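Counted the way our numbering counts, the sequence shown spans residues 1 to 325.
To start, the structure under review is shown below, and the notes come after it.
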Amino acid sequence: MRRRAFIKMIAGSTVAWPLTARAQQPAMPMIGFLSSRSANDSALQVAAFRQALSEAGYVEGQNVAIDYRWAEGQYDRLRGMAGHLVGRQVSVIFASGPAAHVAKAATTSIPIVFVSGEDPVKFGLVASFNKPGGNITGVTTFNAVLGSKRFELLHELVPNAAMMALLVNPNYPSAESEIKEMRAAAHALGRNLIVVNASTESDIDAAFAELVQQRVGGLIVTGDPFFVSRREKLVALAARHALPAIYVQREFAVAGGLIGYGSSLIDAYRQAGIYAGRILEGAKPGDLPVVQPTKFDFVINLKTAKALGLDIPLKLLALASEVIE
Numbered sequence: 001m002r003r004r005a006f007i008k009m010i011a012g013s014t015v016a017w018p019l020t021a022r023a024q025q026p027a028m029p030m031i032g033f034l035s036s037r038s039a040n041d042s043a044l045q046v047a048a049f050r051q052a053l054s055e056a057g058y059v060e061g062q063n064v065a066i067d068y069r070w071a072e073g074q075y076d077r078l079r080g081m082a083g084h085l086v087g088r089q090v091s092v093i094f095a096s097g098p099a100a101h102v103a104k105a106a107t108t109s110i111p112i113v114f115v116s117g118e119d120p121v122k123f124g125l126v127a128s129f130n131k132p133g134g135n136i137t138g139v140t141t142f143n144a145v146l147g148s149k150r151f152e153l154l155h156e157l158v159p160n161a162a163m164m165a166l167l168v169n170p171n172y173p174s175a176e177s178e179i180k181e182m183r184a185a186a187h188a189l190g191r192n193l194i195v196v197n198a199s200t201e202s203d204i205d206a207a208f209a210e211l212v213q214q215r216v217g218g219l220i221v222t223g224d225p226f227f228v229s230r231r232e233k234l235v236a237l238a239a240r241h242a243l244p245a246i247y248v249q250r251e252f253a254v255a256g257g258l259i260g261y262g263s264s265l266i267d268a269y270r271q272a273g274i275y276a277g278r279i280l281e282g283a284k285p286g287d288l289p290v291v292q293p294t295k296f297d298f299v300i301n302l303k304t305a306k307a308l309g310l311d312i313p314l315k316l317l318a319l320a321s322e323v324i325e
């Protein structure tokens with residue numbers, strides 16, 4: 001009898017142990033992906049983020065999950081999306097553009113990794129570049145600061161243009177700082193600058209009508225996600241009105257725009273993926289220095305330049321990271 005009871009006890013343990021072990025296994029970590037952009041506009045960037053995660057040992061669907069939330073340029077949606085991610089108790093929140101400030105306001109405990117075009121210290125995201133502090137760190141692309149360089153590049157192409165224009169979405173949180181930066185650049189070069197606002201489809205059409213009426217000689221388009229998602233329309237309108245224009249991202253030049261100039265957004269997302277992986281391994285975001293850009297996209301579309309009757313200086317062609325013919 002004792003032998004029979006012992007065998008039954010062992011058999012019962014064999015059945016119960018796997019159930020107990022499964023109950024004790026940690027849940028798959030989840031990254032909350034909060035973006036001001038749309039999924040279609042971010043495919044290459046998301047691929048870079050995932051690749052960096054996989055290099056850190058985290059493969060989506062295998063040992064990490066990602067909950068994607070896309071605001072598609074509608075910034076009033078971000079707060080609710082951030083609240084959803086906090087409610088799910090995600091392990092890390094990735095936040096791009098204006099979503100970074102919303103994520104920071106939503107939680108002081110969940111680690112946050114951002115990609116932002118503004119100065120993160122100046123605008124209160126972090127305490128300092130080397131020691132961000134708190135639960136947040138990330139990557140800055142300094143796109144707002146690079147506005148003056150875009151003005152200079154456009155000025156080189158159309159040196160006789162007395163009037164330049166800046167297309168801005170007034171709802172974009174960094175709009176005022178970009179306007180200030182561009183006005184300073186215009187003043188330094190002795191050129192006049194008008195600011196034209198657009199936050200809807202009809203606004204874009206009205207903005208170009210105003211540009212034609214004002215006889216603007218060159219256009220700078222800011223890097224607002226609203227404009228990124230409508231790059232084909234913007235490029236087509238610039239071509240229709242024979243208006244030389246410079247944009248923040250290479251995608252505009254690929255779509256037929258004259259020039260795209262800015263720090264590499266793909267590289268920024270890759271760096272953010274690296275940080276997300278390190279945080280999942282136990283690193284504290286406040287101890288990870290904010291990454292500053294080292295790779296820049298300077299793309300010239302020669303076909304568009306020819307259509308506009310512009311000769312691209314050889315020194316600009318030599319500096320370009322990509323030339324589209």
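The beta-carbon is built from N, C-alpha and C at its ideal position, and this holds for glycine as well.
Computed from a predicted model, the values in this text were never measured in an experiment.
For F226, the closest of F33, L167, E281 by C-alpha to C-alpha distance is L167.
E232 is a Cβ neighbour of A255, given a cutoff of 7 Å. Under the three-state reduction of DSSP output, D297 falls in the strand class. Separation of A27 and D119 (C-alpha to C-alpha, rounded to the nearest whole angstrom) is 36 Å.
DSSP, reduced to helix, strand and coil, places G217 outside both helices and strands of the structure shown, so it counts as coil. A distance below 7 Å between beta-carbons, with the five flanking residues on each side excluded, links R230 to the following residues of its chain, in chain order: I204. Taking S199 as reference, the option from P173, R191, A184 with the minimal CA-CA separation is P173.
Annotation for R69: the continuous beta strand (DSSP E) segment containing it runs 65-70. Per the coordinates, the alpha-carbon of E156 lies some 24 Å from the alpha-carbon of T141.
Rounded to whole angstroms, E176 and A144 show a C-alpha spacing of 10 Å. Assigned with DSSP and collapsed to three states, M182 falls in helix.
Non-local C-beta neighbours of G286 in its own chain, meaning closer than 6 Å and more than five positions away in sequence, comprise P132, G133, G134, ordered along the chain. Residues W70 of the same chain have their beta carbon placed closer than 6 Å to that of A39, with the five preceding and five following residues left out of the count.
As DSSP reads the structure, L308 sits in no beta bridge.
Comparing alpha carbon positions, the residue from V158, V228, P170 closest to L308 is V158. When rounded, the separation of the alpha-carbon atoms in N63 and P29 is 7 Å. Taking 7 Å as the cut-off, the beta carbon of G260 is found closer than this to the beta carbon of F252. The C-beta of G32 has 16 or more other C-beta atoms within 10 Å across all chains shown, which makes the residue buried.
If you look at V46, you'll find it in the alpha helix (DSSP H) that goes 43-55.
For A268, the CB contacts under 6 Å within the same chain, skipping 5 residues up- and downstream, are V115, V139, T141 in chain order. The Cβ-Cβ distance between V228 and A165 does not fall below 7 Å. The C-beta distance from R270 to A48 rounds to 4 Å, short enough to fall under 8 Å. If you check the CB distance, E210 and V196 come in under 7 Å. Distances from the alpha-carbon of S35 to those of R77, G190, K122 put R77 closest. For E201, the secondary structure class from DSSP, reduced to helix, strand or coil, is helix. For E60, the secondary structure class from DSSP, reduced to helix, strand or coil, is strand.
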